[in-house]
Amino acid sequence: MSHPVFVVTGAPNKGKSTFIKAMTNDESVVVREQARTTTSAKPYPFKIERAIGGKIDWETCFTLWDTPGFENAAEMHEILTEWGIRESDHPIELIRKFLETYAGHSDFVYELEIFKPIAGYACIIYVADCSKPFRKSEYLWEMELIKFTRLPRIAVLNPVDGDRHLESWRSGLTDYFNNIKVFNPHETTFDEKLRILGAFSHLTDEWEEPLNKVIGALKMQREKVLEECARIIRKTILQIFDREFSVRYDGIRDEEEHRVELVSQVREFVHKTMDDTQREITHRFGLQIDVAFDREFDDNDLFDTTVRRKNLSVHQRALINVMVGGGIGAAVDVAAGGLTFGLFTTALGVGGGLAAYFKEISPMDLVKIGSYDPDEERIQIDSLSPELGLLVINRLRQVVAVLYNRTAANTETVVIRKDLDLADLQNLGSLLKKMAVSRKDRYSEKNKQKLLDYIHEKLKEDRTVVKVEAT
Numbered sequence: 012m013s014h015p016v017f018v019v020t021g022a023p024n025k026g027k028s029t030f031i032k033a034m035t036n037d038e039s040v041v042v043r044e045q046a047r048t049t050t051s052a053k054p055y056p057f058k059i060e061r062a063i064g065g066k067i068d069w070e071t072c073f074t075l076w077d078t079p080g081f082e083n084a085a086e087m088h089e090i091l092t093e094w095g096i097r098e099s100d101h102p103i104e105l106i107r108k109f110l111e112t113y114a115g116h117s118d119f120v121y122e123l124e125i126f127k128p129i130a131g132y133a134c135i136i137y138v139a140d141c142s143k144p145f146r147k148s149e150y151l152w153e154m155e156l157i158k159f160t161r162l163p164r165i166a167v168l169n170p171v172d173g174d175r176h177l178e179s180w181r182s183g184l185t186d187y188f189n190n191i192k193v194f195n196p197h198e199t200t201f202d203e204k205l206r207i208l209g210a211f212s213h214l215t216d217e218w219e220e221p222l223n224k225v226i227g228a229l230k231m232q233r234e235k236v237l238e239e240c241a242r243i244i245r246k247t248i249l250q251i252f253d254r255e256f257s258v259r260y261d262g263i264r265d266e267e268e269h270r271v272e273l274v275s276q277v278r279e280f281v282h283k284t285m286d287d288t289q290r291e292i293t294h295r296f297g298l299q300i301d302v303a304f305d306r307e308f309d310d311n312d313l314f315d316t317t318v319r320r321k322n323l324s325v326h327q328r329a330l331i332n333v334m335v336g337g338g339i340g341a342a343v344d345v346a347a348g349g350l351t352f353g354l355f356t357t358a359l360g361v362g363g364g365l366a367a368y369f370k371e372i373s374p375m376d377l378v379k380i381g382s383y384d385p386d387e388e389r390i391q392i393d394s395l396s397p398e399l400g401l402l403v404i405n406r407l408r409q410v411v412a413v414l415y416n417r418t419a420a421n422t423e424t425v426v427i428r429k430d431l432d433l434a435d436l437q438n439l440g441s442l443l444k445k446m447a448v449s450r451k452d453r454y455s456e457k458n459k460q461k462l463l464d465y466i467h468e469k470l471k472e473d474r475t476v477v478k479v480e481a482t
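For what it's worth, the numbering used here labels the leading residue of the sequence shown as 12, then goes sequentially.
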């Protein structure tokens with residue numbers, strides 16, 4: 012074989028197709044709740060982009076065969092065992108004989124489909140639902156058939172509704188499989204997929220090197236994407252901070268109405284910029300996601316109360332408000348436990364910190380509106396809040412984390428840790444404050460590099476602390 016090939020087997024409706032969908036990210040894999048959705052064997056190649064001979068091409072790294080569930084495993088095993096006693100052929104030769112002898116036989120419709128790709132000396136992946144009780148009598152003959160092949164084989168336990176029967180499955184499968192792994196395709200992360208590929212690489216010496224190369228290539232691709240995403244996020248912050256916003260007095264409306272219009276202008280620009288950035292990041296991951304209809308990608312209005320609450324933790328708000336207000340001592344007190352009689356807390360700092368805990372931030376808090384200019388007859392935004400910069404970073408970190416771990420089978424919610432270490436938040440708050448207020452600081456290569464380094468580190472950190480949980 013030119014590349015590793017695996018045949019995914021198991022009882023009907025145990026998650027075989029979902030497993031393949033998660034591992035290959037192939038949207039064409041059909042998954043339904045009812046049993047017997049898969050009735051024939053079908054290959055799903057996993058390809059990655061490579062530069063070959065100066066041209067970009069797609070190379071198949073491994074193939075997963077989707078197969079129907081077993082139906083008459085006991086009878087097939089009985090036939091093969093009888094043949095094996097009389098003949099000295101390798102088990103695969105006996106299986107090929109069975110395929111030829113019983114071709115079109117109504118009693119072995121599904122077994123014939125399962126063993127067609129296995130007859131090509133593929134490795135076997137047995138998928139079982141470990142949320143259901145393990146009953147050896149129910150699964151004995153399909154496991155005996157798999158063992159009969161003498162091919163490399165691994166069991167993947169899918170906790171469809173929890174793992175309460177995990178240990179009984181581990182114990183029951185030990186005598187039949189070279190390795191046993193737990194993998195939930197609905198809640199998997201990118202690193203979990205690499206872990207499963209690593210387990211596959213140990214099944215046979217022949218495929219260890221090619222699969223390790225695949226793992227290495229996938230890691231390098233994702234590292235490059237994270238670097239690109241960090242630059243995109245930094246560019247977005249600079250675009251938002253650099254934009255000039257103003258409205259001309261019309262002589263009819265009062266000053267407050269003009270201020271509301273000005274904030275609305277900022278809101279619309281930020282929303283559009285975030286949408287554009289999100290599409291750009293999505294493109295970097297090579298995914299075609301309609302951001303207008305995907306529930307994970309519709310929260311780009313950072314001036315909306317619900318979106319702000321979701322993308323900025325109360326501790327972040329408290330700390331950055333304190334620092335922007337000038338009370339670094341208060342930031343230490345709030346971070347250390349919050350709302351105490353801290354000796355270092357300044358009166359101004361306390362006000363900012365406490366307000367962040369008890370007062371819902373308003374859109375007006377995200378902008379600093381200047382005074383009316385009678386010469387120009389207009390009012391403008393003097394600066395944007397550093398808090399808006401933090402909101403942009405958190406929101407786009409969330410987008411990157413979702414896309415980093417997105418699979419065709421993953422339907423759950425990705426959650427990142429938004430609370431930052433005190434030192435991180437102090438440094439970032441100070442940097443964003445300078446860049447939000449001063450064009451000179453905004454254009455400083457040193458400050459731009461600091462911001463890029465911070466964002467990149469957080470994107471890398473999100474990979475290890477991310478959680479995937481049910482909605």
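Yeah, the Cβ is synthetic: ideal placement off N, Cα and C, and Gly gets one too.
field: Member of Lys246, Ala22, Val258 whose CA lies at the smallest distance from the CA of Tyr454
entry: Lys246
Val42: first and last residue of the uninterrupted alpha helix (DSSP H) it sits in: Val42 -> no alpha helix (DSSP H), and no H or E assigned at all.
- request: Determine the contact status of Ile390 and Gly381, defining contact as a CB-CB distance below 8 Å.
  value: yes
Leu462 versus Ser212, Asp435, Ile392, Lys53, residue with shortest Cα-Cα distance: Asp435
message: Strictly by DSSP, which residues pair up with Gln437?
response: The partner list for Gln437 (beta bridge, DSSP) is empty, contrary to what the question assumes.
task: Rounded to whole angstroms, what's the CA-CA distance from Tyr187 to Asp216? Just pull it up for me.
output: 20 Å
Cβ contact (3+ pairs, closer than 8 Å) linking the stretch 190–201 and the stretch 105–116: no
task: Taking all protein chains shown into account, decide if Ala22 is buried (16 or more other Cβ within 10 angstroms of its Cβ) or exposed.
output: buried
- request: Pick helix, strand or coil for Val16, following the three-state DSSP scheme.
  value: strand
query: Which ranges does the alpha helix (DSSP H) cover as unbroken runs of at least 4 residues, wholly within the stretch 103–184, from first to last along the chain?
result: 120–129, 147–159, 177–184
Buried versus exposed, by CB contacts within 10 Å (16 or more), Lys235: exposed
field: Pair within 8 Å by beta-carbon distance, Ser28 and Thr48
entry: yes
message: Taking the alpha helix (DSSP H) that Leu470 belongs to, which residues open and close that run?
response: 456–476
task: Specify the secondary structure class of Ile404 as computed by DSSP and reduced to three states.
output: helix
task: Kindly identify the DSSP beta-bridge partner or partners of Trp511.
output: Lying outside 12 to 482, the shown extent of the chain, residue 511 is not represented and no answer is given.
message: Less than 7 Å between C-beta atoms, sequence neighbours within five positions excluded: which residues of the same chain meet that for His269?
response: Val258, Tyr260, Ile390
- prompt: Using the C-alpha atoms, what's the distance from Asp309 back to Asp315?
  reply: 12 Å
task: Quick one: measure Cβ to Cβ for Ala52 and Ile136, integer angstroms, because I've assumed they're closer than 8 Å.
output: Not confirmed; about 13 Å, so no contact.
task: Select from Lys451, Leu177, Arg97 the residue whose C-alpha is nearest the C-alpha of Cys141.
output: Leu177
message: On the criterion of 16 or more Cβ atoms from any shown chain inside 10 Å, does Val361 qualify as buried, or is it exposed?
response: Confidence is the limiting factor: at Val361 the pLDDT is only 44, short of 50, which leaves the residue's position unreliable and the question unanswerable from this model.
- prompt: Per DSSP, Ser257 forms a beta bridge with which residues?
  reply: Gln391
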